[in-house]
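*Asks:* To convert, count from 1 in the sequence shown and add 2; that's our numbering.
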Amino acid sequence: MDKIIPTLMILLITVACQNQSKKQQEQEDRVAVAKSEKESMIKSKLASKNLLPDNLNILFIAYKNSDKLELYVKSPTDDYYALLQTYAICKRSGILGPKKAEGDKQVPEGFYHIDRFNSQSLYYLSLGLNYPNELDKSLGYTGSDIFIHGKCETVGCLPMTDDLIKEIYLYALWAQESGQQQIPVYIFPFEMTDENIGNFKSEVDAKTYAFWKNLQEGYALFRKNSKALHYSVQSGRYVFD
Numbered sequence: 003m004d005k006i007i008p009t010l011m012i013l014l015i016t017v018a019c020q021n022q023s024k025k026q027q028e029q030e031d032r033v034a035v036a037k038s039e040k041e042s043m044i045k046s047k048l049a050s051k052n053l054l055p056d057n058l059n060i061l062f063i064a065y066k067n068s069d070k071l072e073l074y075v076k077s078p079t080d081d082y083y084a085l086l087q088t089y090a091i092c093k094r095s096g097i098l099g100p101k102k103a104e105g106d107k108q109v110p111e112g113f114y115h116i117d118r119f120n121s122q123s124l125y126y127l128s129l130g131l132n133y134p135n136e137l138d139k140s141l142g143y144t145g146s147d148i149f150i151h152g153k154c155e156t157v158g159c160l161p162m163t164d165d166l167i168k169e170i171y172l173y174a175l176w177a178q179e180s181g182q183q184q185i186p187v188y189i190f191p192f193e194m195t196d197e198n199i200g201n202f203k204s205e206v207d208a209k210t211y212a213f214w215k216n217l218q219e220g221y222a223l224f225r226k227n228s229k230a231l232h233y234s235v236q237s238g239r240y241v242f243d
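(1) Could you check whether the region 192–199 touches the region 49–64, counting it as contact only if at least three pairs of C-beta atoms, one from each stretch, sit closer than 8 Å?
(2) Between which residues of its own chain and Lys-215 is the CB-CB distance below 8 Å, once the five residues before and five after are set aside?
(3) Spell out a yes or no on whether the region 219–233 and the region 168–177 are touching, meaning 3 or more CB-CB pairs, one atom from each, closer than 8 Å.
(4) How do the region 113–133 and the region 150–163 stand: do at least 3 beta-carbon pairs fall below 8 Å, yes or no?
(5) Excluding five sequence neighbours on each side, which residues of the same chain lie with their C-beta closer than 6 Å to the C-beta of Gln-236?
(6) Given a threshold of 16 other Cβ atoms within 10 Å of its Cβ, counted over all protein chains shown, does Gly-142 qualify as buried or as exposed?
(7) Based on Cα-Cα distance, which residue from Gly-112, Phe-113, Ile-170, Leu-48 lies nearest to Leu-129?
(8) Applying the criterion that 16 or more other CB atoms from any shown protein chain within 10 Å of the CB defines a buried residue, is Asp-165 buried or exposed?
(9) Could you tell me the distance, in whole angstroms, from the CA atom of Gln-87 to the CA atom of Phe-213?
(10) Which first and last residues belong to the alpha helix (DSSP H) in which Glu-197 is found?
(11) Hey, how far is the Cα of Phe-242 from the Cα of Ile-63?
(12) Pull the bridge partners of Asn-57 from the DSSP assignment, please.
(13) Got a sec, what are the start and stop residues for the beta strand (DSSP E) Leu-85 sits in?
(14) Does the count of Cβ pairs from the region 76–85 and the region 97–108 closer than 8 Å reach three?
(15) So Lys-168 packs on Lys-45, CB below 8 Å; how close in whole Å?
(16) Just how far apart, CA to CA, sit Phe-202 and Phe-113?
(17) Who are the near neighbours of Asp-31 in its chain, counting only those whose CB is closer than 7 Å to its CB and skipping five residues on each side?
(18) In chain order, what residues of the same chain have a beta carbon less than 8 Å from the beta carbon of Gly-96, not counting five sequence neighbours either side?
(19) Would you say the beta carbon of Met-162 comes nearer than 6 Å to a heavy atom of the ligand FAD?
(20) Pick from Ile-150, Lys-102, Ser-140: whose alpha carbon is nearest that of Cys-92?
Structure, rendered in structure tokens:
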């Protein structure tokens, strides 16, 4: 019996290690598949902006009403971003307006960044956002697990299909490996022009309208100078440097 117990323990440890090794291999394979399918095309696109995968910063802007995700790029030593690619967001849940509560199926609106990578996502590959951010928390908003991810289903995320998330994930991975600590993701209900805000004003309450006017400040700043936004949160609103 004494010999059986250690043998059984060794067997269990071996099986656990094999399962972990298999999981790690699956994680590596998804990124490897993305690289095999997308790397050449991505390098070509970056070359059109005189950029390389190992010298890259990126920034995303999403527009809910038009279901699009814009990818901006620059080198780490440059100040100004340039638009590289516009992707179609595959599906949308909720309505215009910020996410306020867990389970409301709303896509957030505001200024976020990527805070985690998941190469073994249920949605193929995914990039997690830091929702709720400082402003959301100050307003008492709740919720979690908002991602840019694969497939074409959502309850508050930005689904891009498995095919498109491969290249989006690689851009983000290479930016991270280039030293970019926080990859900005700005989510707007629509392009924040005075005309658009006026057109949608009747569909929301005064609080959401005031929130949109605050978002418009950040939108206008980025459109003016093409730089990542610097801001703080004061008295329940974004304050831009």
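The C-beta atom is built at its ideal place from N, Cα and C for all residues, glycine as well.
Just so you know, these numbers come straight off a predicted model, no measurement behind them.
*Replies:* Taking the structure as given:
(1) Touching, no.
(2) Ile-199
(3) no
(4) yes
(5) none
(6) exposed
(7) Looking only at Gly-112, Phe-113, Ile-170, Leu-48, the smallest Cα-Cα distance to Leu-129 is reached by Ile-170.
(8) Asp-165 comes out exposed.
(9) 28 Å
(10) 196–202
(11) 17 Å
(12) Leu-54
(13) 84–90
(14) no
(15) That pair is no contact at about 14 Å.
(16) 20 Å
(17) The beta carbon of Asp-31 sits closer than 7 Å to none of the beta carbons in its chain outside the five residues before and after it.
(18) Within the same chain, Gly-96 has close Cβ partners Asp-106, Lys-107, Gln-108, Val-109, Gly-158.
(19) Questions concerning the ligand FAD fall outside what the structure shown contains, since it holds no ligand whatsoever.
(20) That would be Ile-150, whose Cα lies nearest to the Cα of Cys-92.
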